[in-house]
Amino acid sequence: MNNSTLSLSCFLKEIKLYFFGFLFSIFLTTIPFFIVFSHIFKVYVALMIIIFCAVIQCVVHLKIFLHLSYSSKNYWNFIFLLFTFLIILIIISGSIWIMCNLNHHFYYHSHHIT
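Numbering-wise (our numbering), the sequence shown opens with residue 72 and increments by one.
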């Protein structure tokens, strides 16, 4: 085999992997839609299935599309991913805290005006 045949073989393998990831992501997206629209499960069971599908979809995206692995050569990519999750956690928790604080103060003042 020459170099171009190996290159084409690797390219086709990568395309198949992306196509599998795309189809699996669509499948993991349609499951929660079906569960919510059909109302066949109780709320807490449906919520657990939706969270499970979301976690699996995150793993699929990280492995197939972002090529994140736990090897030593991808150490900094993993550190940056953890830092990104930390920043997202700070933004979400700060936003919830601000909204709860505003709700508390607005509710208190609106009932004492009359």
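Yeah, the Cβ is synthetic: ideal placement off N, Cα and C, and Gly gets one too.
For F136, same chain residues with a beta-carbon under 8 Å away, outside a window of 5 residues either side, are Y89 and G92 in chain order. In the three-state scheme derived from DSSP, where H, G and I count as helix and E and B as strand, F112 is classed as coil. CA-to-CA, the gap between V116 and S96 works out to about 21 Å. In terms of Cβ geometry, I102 and C81 do not form a close pair [threshold 7 Å]. Across the structure, V131 and S143 are spaced so that their CA atoms are roughly 20 Å apart. Taking every protein chain shown into account, the CB of L99 has 16 or more other CB atoms within 10 angstroms, so this residue is buried.
S78 carries a helical assignment under DSSP once its states are collapsed to helix, strand and coil. In the three-state reduction of the DSSP assignment, S143 falls in the helix class.
If the five residues before and after I167 are omitted, its C-beta is found closer than 7 Å to no C-beta atom of its own chain.
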